[in-house]
Each structure stands twice: as C-alpha cells, then as structure tokens.
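Okay, structure first, notes after.
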Amino acid sequence: MKENTLPKRTILLWQFRIIISTFVLVAACLYFEPLFSFLKIAAIVIGIFGIILALIYLPFFFKSYKIILSNDAVIVKYGIIIKVEHIMPYKRMIYAQSFESPLARIFGITAVRLKAARSYLLVAEIEKESAQAIIDFLAEGELHE
Numbered sequence: 546m547k548e549n550t551l552p553k554r555t556i557l558l559w560q561f562r563i564i565i566s567t568f569v570l571v572a573a574c575l576y577f578e579p580l581f582s583f584l585k586i587a588a589i590v591i592g593i594f595g596i597i598l599a600l601i602y603l604p605f606f607f608k609s610y611k612i613i614l615s616n617d618a619v620i621v622k623y624g625i626i627i628k629v630e631h632i633m634p635y636k637r638m639i640y641a642q643s644f645e646s647p648l649a650r651i652f653g654i655t656a657v658r659l660k661a662a663r664s665y666l667l668v669a670e671i672e673k674e675s676a677q678a679i680i681d682f683l684a685e686g687e688l689h690e
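In my numbering, the protein residues as written are 546 to 690.
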C-alpha cells in the first residue's frame, strides 16, 4: 500500500485562488456600493470569510487529504468536519487523465482524474512526477491482471 499526501504548493495554489476571488468580490461590492448601501457590509463579510478560508481552513483541509494506492483500489480520504472517503477499484477504472490549469502549471503541479463507468474520482493537484507515477502504476496494474 502506497500513501501520498499533497505538496505545500497545492495549498499555496488554492490560497492564491481564494485570495484573488475574495479580492475580486470585495472590489465588485465596493464598486457598486454607491448604488446599494448594504454592499459595504457584504464586502467586509466576504473579506473576512475569504481570509479565514485561505489562512485557516485550507491548510487543515489539505493536511487531511490522503491518496492511498492499495492492492485493488485507489482510496482518497479528506475532510475536517465531514470525513469523506472515495474508493475506486482498479477493475472498474476506464482511464486515468492528468490535467493542469495555467496557474497550476506555474506552480509545477497537476490534477488527476480517474474515470469509471458511471463515476469519476478527482485527485487534487499533486506534483507532476507523482501524477505520472500514479498513472503508470494504474497502467501496470491493468497490464498484469
């Protein structure tokens, strides 16, 4: 059984995404604030929520994220308040695909999607070498069965 965790760059990528999204929403609220007076309060609430999400919640969430390659399945576990565990047996898998956004490419990480007949499993951004190792591991498992 092989266990992987997410790199620090994944946390930084998602923190960057959250901060940018928060900044855009706060700027939009402040831009339209002369038309609707409640938007100033909304901007403050969105700003505080975005900062808490980026600096407190995301590090704990990604620390709980585990990718386990067992003998017969890929297991992805994550969650702080609500614990989630996804299990995808190798026998049901149709293909594995890696993809990356332009921002993830800058950080040098890529995500992996594992496709089965009626479902898919999305593995958050990991290092390109680890993603390729997972895909190679799955390809070898298919060849030797």
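Glycine included, C-beta positions come from ideal geometry on N, C-alpha and C.
Item	Value
E649: first and last residue of the uninterrupted alpha helix (DSSP H) it sits in	Inspection of the sequence shows that residue 649 is occupied by Ala rather than by Glu. A649 -> alpha helix (DSSP H) spans 647-652.
Cα-Cα separation, A684 to I613	16 angstroms
Contacting residues, own chain, Cβ-Cβ under 8 angstroms from A641 (five flanking each side not counted)	V657, R658, L659, K660, I679, I680, L683, A684
Runs of alpha helix (DSSP H) wholly within the region 594-647 (minimum 4 residues, chain order)	603-608
Contact between the region 592-603 and the region 558-577 (3+ Cβ pairs under 8 angstroms)	yes
Through-space distance from K608 to E674, alpha-carbon basis	20 angstroms
DSSP-derived helix/strand/coil call for E578	coil
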